[in-house]
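Plus 15 on top of the position in the sequence shown (first one is 1) and you've got my numbering. First the structure, in the form of structure tokens, and then the observations on it.
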Amino acid sequence: MARVVSVRDVHKTYVVGKVKVPALRGVSVEVDEAEFLAIVGPSGSGKSTLMNLVGGLDVPTSGEIEVGGQKLAGMSSRKLSDMRLRSLGFVFQAYNLIPVLSAAENVEFVLQLQGLGRRERRSRALRALEEVGLADLAGRRPAEMSGGQQQRVAVARAIVATPKLVLADEPTANLDSKTGEELIDLMLRLNQDRGVTFVFSTHDPKVMAHARRIVTLVDGKVASDDKTGSEAA
16 MARVVSVRDV HKTYVVGKVK VPALRGVSVE VDEAEFLAIV GPSGSGKSTL
66 MNLVGGLDVP TSGEIEVGGQ KLAGMSSRKL SDMRLRSLGF VFQAYNLIPV
116 LSAAENVEFV LQLQGLGRRE RRSRALRALE EVGLADLAGR RPAEMSGGQQ
166 QRVAVARAIV ATPKLVLADE PTANLDSKTG EELIDLMLRL NQDRGVTFVF
216 STHDPKVMAH ARRIVTLVDG KVASDDKTGS EAA
């Protein structure tokens with residue numbers, strides 16, 4: 016099984032005024048291909064910090080992070096942007112869709128940044144929307160869709176470029192229980208059928224119930240790292 020993420024003895028300290036605030040204290044986590052992993056813990060435990068570091072959106076104070084075999088330390092801003100564009104997919108709590116673009120155009124946007132031609136972009140975007148059950152809403156803008164539909168578009172955008180890894184930061188937080196369950200089922204199917212690696216930051220018991228591995232952070236440290244269900248068998 017290929018290693019997708021390696022986090023080794025990572026520390027992250029923020030400076031607020033003259034006060035140093037440690038967010039992560041020596042965190043080490045390895046993520047293999049096709050895992051369905053949840054990072055959990057109380058508010059302030061370091062979940063979002065860890066996700067931002069793995070996504071190359073922030074840099075650790077010390078320690079080493081590799082994504083897809085690439086060391087993030089020392090990468091230029093341009094190389095980090097290219098890594099995020101080609102190796103990572105992101106699903107955010109707030110959807111982060113572009114309001115003036117249709118569902119298909121939102122999904123295409125990643126492929127446009129990669130330089131794909133218009134016909135190929137549209138074909139792949141429509142296939143991704145079909146995978147998430149929204150082929151009939153390709154022409155709608157975000158304001159014309161429900162929250163659950165918008166989050167499905169965000170998932171389609173995250174997977175359209177076949178990334179090595181999808182980082183999902185509280186993806187069900189703004190959804191009702193039924194819609195959240197449907198979204199989890201969708202991502203679980205993508206994980207099982209396509210081998211997409213998912214790492215979640217979550218408080219949602221429904222996400223934890225489906226995760227095959229749960230990493231718990233407390234006070235910026237790994238308190239436990241447990242396999243669940245069939246993965247533990």
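Heads up, the beta-carbon is just placed ideally off N, CA and C, and yes, glycines get one too.
Pairwise C-alpha distance: residue 148 and residue 73: Whole-angstrom Cα-Cα distance: 33 Å.
Beta-ladder partner(s) of residue 242, from DSSP: Checking the DSSP bridge columns, you'll see residue 242 partnered with 228.
Whole-angstrom distance between residue 173 and residue 146, CA atom to CA atom: Spanning the two alpha carbons is a distance of roughly 12 Å.
CB contact below 7 Å: residue 23 versus chain B: No chain B is present in this structure, which holds just one protein chain.
Coil, strand or helix - residue 220 by DSSP: Taken through DSSP and simplified to helix, strand or coil, residue 220 comes out as helix.
DSSP-derived helix/strand/coil call for residue 177: DSSP places residue 177 in coil when its eight states are reduced to three.
Environment of residue 110 [buried if 16+ CB atoms lie within 10 Å]: Around the CB of residue 110, 16 or more other CB atoms lie within 10 Å, so the residue is classed as buried.
Whole-Å CB distance - residue 179 paired with residue 83, under 8 Å assumed: Right, the Cβ-Cβ distance comes to about 5 Å (below 8 Å), so this counts as a contact.
Environment of residue 164 [buried if 16+ CB atoms lie within 10 Å]: Buried, because 16 or more other Cβ atoms sit within 10 Å of the Cβ of residue 164.
Outcome for residue 166 when other beta-carbon atoms lying within 10 angstroms are tallied against a minimum of 16: With 16 or more Cβ atoms within 10 Å of its Cβ, residue 166 is classed as buried.
Short Cβ contact (7 Å threshold) for residue 18 with residue 47: Contact annotation: residue 18 and residue 47 have beta-carbon atoms nearer than 7 Å.
Distance between beta carbons of residue 80 and residue 68, contact taken as under 8 Å: About 6 Å; that satisfies the 8 Å criterion.
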